[in-house]
Amino acid sequence: GTLNHFAYDLGVEDARDLARAVEQGDGVRVDVGRFGSGRKRGVFLNTFSLGVYPELVRERERWSERIGGWPAGVLAALRVLRADRHPLQAEFQGECRPLWLLFAGNGTYHRMGLAPGRRLDLADGVLDVRVVHGGRKPALRLLSAAIAGPLTRSPAHAAVQVRRLHLTGVAPGTLLAYDGEVTEVDDEVWLEKLPEALTVYRPLPHH
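When we follow this note's numbering, the leftmost residue of the sequence shown carries the number 793, and every step to the right adds one.
Pasting the structure below:
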(Lines of atoms letter the chains of each structure in order from A; the text may use other names.)
(Lines give C-alpha, C1' and ligand atoms only; values in the text may rest on other atoms or scores of the structure.)
Protein backbone atom coordinates (compact mmCIF):
# COMPACT_ATOMS: atom_id res chain seq x y z
CA GLY A 793 0.00 0.00 0.00
CA THR A 794 0.93 3.68 -0.03
CA LEU A 795 2.43 3.55 3.47
CA ASN A 796 4.60 0.63 2.37
CA HIS A 797 6.15 2.91 -0.27
CA PHE A 798 7.08 5.37 2.45
CA ALA A 799 8.52 2.63 4.66
CA TYR A 800 10.52 1.25 1.74
CA ASP A 801 12.06 4.65 1.01
CA LEU A 802 12.85 4.93 4.72
CA GLY A 803 14.73 1.62 4.61
CA VAL A 804 12.08 -0.57 6.25
CA GLU A 805 11.53 -3.39 3.75
CA ASP A 806 10.26 -6.23 5.95
CA ALA A 807 9.19 -7.17 9.49
CA ARG A 808 12.81 -7.65 10.61
CA ASP A 809 13.70 -4.13 9.52
CA LEU A 810 10.66 -2.83 11.42
CA ALA A 811 11.72 -4.66 14.59
CA ARG A 812 15.26 -3.30 14.29
CA ALA A 813 13.93 0.22 13.77
CA VAL A 814 11.78 0.03 16.92
CA GLU A 815 14.36 -1.67 19.15
CA GLN A 816 17.57 0.09 18.18
CA GLY A 817 16.70 2.43 15.38
CA ASP A 818 17.78 5.89 14.46
CA GLY A 819 15.25 8.70 14.94
CA VAL A 820 15.09 11.00 11.90
CA ARG A 821 12.91 13.91 10.90
CA VAL A 822 11.16 13.78 7.51
CA ASP A 823 9.08 16.19 5.46
CA VAL A 824 5.29 16.14 5.12
CA GLY A 825 3.19 17.54 2.28
CA ARG A 826 0.02 19.51 3.04
CA PHE A 827 -2.80 20.64 0.75
CA GLY A 828 -6.02 22.61 0.93
CA SER A 829 -9.03 23.27 -1.29
CA GLY A 830 -11.89 25.34 0.06
CA ARG A 831 -12.49 23.98 3.56
CA LYS A 832 -10.73 20.71 2.85
CA ARG A 833 -7.31 20.11 4.36
CA GLY A 834 -5.05 17.09 4.21
CA VAL A 835 -1.49 15.85 4.56
CA PHE A 836 0.44 13.29 2.51
CA LEU A 837 3.64 11.34 3.02
CA ASN A 838 3.94 10.11 -0.56
CA THR A 839 1.88 11.62 -3.38
CA PHE A 840 -0.81 14.12 -4.31
CA SER A 841 -2.49 14.23 -7.71
CA LEU A 842 -5.22 15.79 -9.81
CA GLY A 843 -6.75 14.36 -12.96
CA VAL A 844 -6.41 10.84 -14.33
CA TYR A 845 -3.17 9.90 -12.51
CA PRO A 846 -4.71 7.49 -9.95
CA GLU A 847 -6.69 5.67 -12.66
CA LEU A 848 -3.68 5.54 -14.97
CA VAL A 849 -1.43 4.05 -12.30
CA ARG A 850 -4.08 1.60 -11.10
CA GLU A 851 -4.70 0.23 -14.60
CA ARG A 852 -0.99 0.09 -15.42
CA GLU A 853 -0.15 -1.85 -12.25
CA ARG A 854 -3.13 -4.14 -12.73
CA TRP A 855 -1.85 -5.40 -16.08
CA SER A 856 1.94 -4.94 -15.92
CA GLU A 857 2.77 -8.32 -14.34
CA ARG A 858 0.63 -10.16 -16.88
CA ILE A 859 1.59 -8.40 -20.10
CA GLY A 860 4.62 -6.24 -19.23
CA GLY A 861 5.07 -2.55 -18.40
CA TRP A 862 5.01 -1.11 -21.93
CA PRO A 863 1.81 -2.91 -23.09
CA ALA A 864 0.20 -2.22 -19.71
CA GLY A 865 0.88 1.50 -20.16
CA VAL A 866 -0.76 1.47 -23.59
CA LEU A 867 -3.78 -0.40 -22.25
CA ALA A 868 -4.11 1.97 -19.27
CA ALA A 869 -4.10 5.05 -21.51
CA LEU A 870 -6.58 3.51 -23.95
CA ARG A 871 -8.96 2.64 -21.13
CA VAL A 872 -8.81 6.18 -19.75
CA LEU A 873 -9.33 7.66 -23.22
CA ARG A 874 -12.17 5.25 -23.99
CA ALA A 875 -13.91 6.38 -20.81
CA ASP A 876 -14.16 9.81 -22.51
CA ARG A 877 -12.05 11.59 -19.93
CA HIS A 878 -11.12 15.16 -20.76
CA PRO A 879 -8.12 17.21 -19.64
CA LEU A 880 -8.82 19.40 -16.62
CA GLN A 881 -8.29 23.15 -16.75
CA ALA A 882 -5.93 24.78 -14.27
CA GLU A 883 -3.68 27.79 -14.00
CA PHE A 884 -0.17 26.45 -13.46
CA GLN A 885 2.88 28.73 -13.16
CA GLY A 886 0.82 31.74 -14.24
CA GLU A 887 -0.57 30.12 -17.38
CA CYS A 888 -4.05 28.66 -17.81
CA ARG A 889 -3.93 25.48 -19.84
CA PRO A 890 -5.45 21.99 -20.05
CA LEU A 891 -3.73 19.30 -17.99
CA TRP A 892 -4.21 15.55 -18.16
CA LEU A 893 -2.70 15.17 -14.75
CA LEU A 894 -0.71 16.92 -12.08
CA PHE A 895 1.40 14.86 -9.69
CA ALA A 896 3.20 16.21 -6.62
CA GLY A 897 5.55 13.96 -4.67
CA ASN A 898 6.60 14.59 -1.08
CA GLY A 899 10.28 14.64 -2.00
CA THR A 900 12.05 14.07 -5.31
CA TYR A 901 11.31 10.77 -7.04
CA HIS A 902 14.09 9.06 -8.98
CA ARG A 903 13.53 6.43 -11.62
CA MET A 904 15.53 3.24 -11.03
CA GLY A 905 15.52 1.43 -14.38
CA LEU A 906 12.22 -0.43 -14.76
CA ALA A 907 11.45 -0.21 -11.04
CA PRO A 908 8.94 2.33 -9.64
CA GLY A 909 10.30 5.71 -8.65
CA ARG A 910 12.03 5.95 -5.28
CA ARG A 911 13.02 8.82 -3.02
CA LEU A 912 16.58 8.94 -1.79
CA ASP A 913 15.98 11.84 0.62
CA LEU A 914 12.76 12.18 2.64
CA ALA A 915 13.75 15.62 3.92
CA ASP A 916 14.86 17.45 0.77
CA GLY A 917 12.43 20.32 1.34
CA VAL A 918 10.68 20.20 -2.05
CA LEU A 919 7.54 19.01 -3.77
CA ASP A 920 8.37 17.07 -6.95
CA VAL A 921 5.74 18.33 -9.40
CA ARG A 922 5.13 16.55 -12.73
CA VAL A 923 2.54 17.76 -15.22
CA VAL A 924 1.23 16.12 -18.40
CA HIS A 925 -0.25 18.87 -20.52
CA GLY A 926 -3.38 18.34 -22.56
CA GLY A 927 -2.57 20.86 -25.33
CA ARG A 928 -1.74 19.68 -28.85
CA LYS A 929 -2.25 15.95 -29.41
CA PRO A 930 -3.48 15.33 -25.86
CA ALA A 931 -4.10 11.61 -26.44
CA LEU A 932 -0.48 11.08 -27.52
CA ARG A 933 0.79 12.92 -24.45
CA LEU A 934 -1.28 10.75 -22.15
CA LEU A 935 -0.16 7.64 -24.02
CA SER A 936 3.49 8.66 -23.64
CA ALA A 937 3.08 9.25 -19.89
CA ALA A 938 1.32 5.92 -19.39
CA ILE A 939 3.90 3.90 -21.33
CA ALA A 940 6.96 5.42 -19.69
CA GLY A 941 5.38 5.71 -16.26
CA PRO A 942 4.22 9.12 -14.99
CA LEU A 943 7.35 9.55 -12.84
CA THR A 944 9.86 9.37 -15.69
CA ARG A 945 11.29 12.50 -17.26
CA SER A 946 9.86 12.91 -20.74
CA PRO A 947 9.25 15.63 -23.35
CA ALA A 948 5.53 15.05 -22.72
CA HIS A 949 5.96 16.15 -19.10
CA ALA A 950 6.84 19.34 -17.30
CA ALA A 951 8.81 18.83 -14.09
CA VAL A 952 9.59 21.37 -11.40
CA GLN A 953 10.68 21.20 -7.75
CA VAL A 954 9.00 23.79 -5.52
CA ARG A 955 8.20 24.40 -1.85
CA ARG A 956 4.69 25.70 -2.54
CA LEU A 957 2.18 25.45 -5.37
CA HIS A 958 -1.05 27.37 -6.01
CA LEU A 959 -3.56 26.25 -8.64
CA THR A 960 -6.58 28.26 -9.74
CA GLY A 961 -9.25 27.58 -12.34
CA VAL A 962 -9.72 23.93 -11.33
CA ALA A 963 -13.39 22.97 -11.69
CA PRO A 964 -15.17 22.03 -8.45
CA GLY A 965 -15.73 18.28 -8.39
CA THR A 966 -12.39 17.46 -10.04
CA LEU A 967 -10.93 14.33 -8.44
CA LEU A 968 -8.07 14.85 -6.04
CA ALA A 969 -6.06 11.93 -4.65
CA TYR A 970 -3.51 11.81 -1.85
CA ASP A 971 -1.81 8.70 -0.44
CA GLY A 972 -4.56 6.43 -1.72
CA GLU A 973 -7.45 8.61 -0.50
CA VAL A 974 -9.73 10.26 -3.06
CA THR A 975 -11.82 13.40 -2.62
CA GLU A 976 -13.05 16.30 -4.78
CA VAL A 977 -11.78 19.81 -5.35
CA ASP A 978 -13.93 22.52 -3.74
CA ASP A 979 -12.10 25.62 -4.93
CA GLU A 980 -8.58 26.69 -5.84
CA VAL A 981 -5.92 24.27 -4.64
CA TRP A 982 -2.73 24.95 -2.72
CA LEU A 983 0.10 22.67 -1.68
CA GLU A 984 3.03 23.29 0.62
CA LYS A 985 5.97 21.44 2.10
CA LEU A 986 6.33 21.13 5.88
CA PRO A 987 10.07 20.53 6.34
CA GLU A 988 11.07 17.91 8.92
CA ALA A 989 7.59 17.95 10.46
CA LEU A 990 7.48 14.26 11.40
CA THR A 991 9.85 12.11 13.45
CA VAL A 992 10.17 8.47 12.38
CA TYR A 993 12.50 5.59 13.16
CA ARG A 994 14.59 3.70 10.64
CA PRO A 995 16.94 0.75 11.14
CA LEU A 996 20.61 1.49 11.65
CA PRO A 997 22.81 0.26 8.79
CA HIS A 998 24.29 -3.22 9.14
CA HIS A 999 27.95 -3.28 10.16
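The beta-carbon is built from N, C-alpha and C at its ideal position, and this holds for glycine as well. This structure is a prediction, so every number in the text was calculated from the model and none was measured.
Item                                                                                                                                                                        : Value
Keeping to the same chain, check which residues put their C-beta closer than 7 Å to that of residue 802; ignore five residues upstream and five downstream.                 : 914, 992, 994
For residue 830, collect the residues of the same chain with a Cβ closer than 7 Å to its Cβ; drop the 5 residues on either side in sequence, then sort them by chain order. : 978, 979
Candidates 988, 971, 987: which alpha carbon is nearest residue 841's?                                                                                                      : 971
Is it the case that the Cβ atoms of residue 919 and residue 983 are separated by a distance below 8 Å?                                                                      : yes
Determine the closest residue to residue 921 out of 818, 845, 800, with distance taken between C-alpha atoms.                                                               : 845
Are residue 869 and residue 825 touching if we call contact CB-CB under 8 Å?                                                                                                : no
Using 8 Å as the threshold, is the C-beta distance between residue 923 and residue 950 below it?                                                                            : yes
Are there 16 or more other CB atoms within 10 angstroms of the CB of residue 911, so buried, or fewer, so exposed?                                                          : buried
Kindly indicate which three-state DSSP category residue 837 falls into: helix, strand or coil?                                                                              : coil
Taking 8 Å as the threshold (C-beta atoms), are residue 819 and residue 827 in contact?                                                                                     : no
Specify, as a first and last residue, the run of the beta strand (DSSP E) that residue 991 falls within.                                                                    : 981–994
So what does DSSP say about residue 921, is it helix, strand or coil?                                                                                                       : strand
For residue 839, collect the residues of the same chain with a Cβ closer than 6 Å to its Cβ; drop the 5 residues on either side in sequence, then sort them by chain order. : 897
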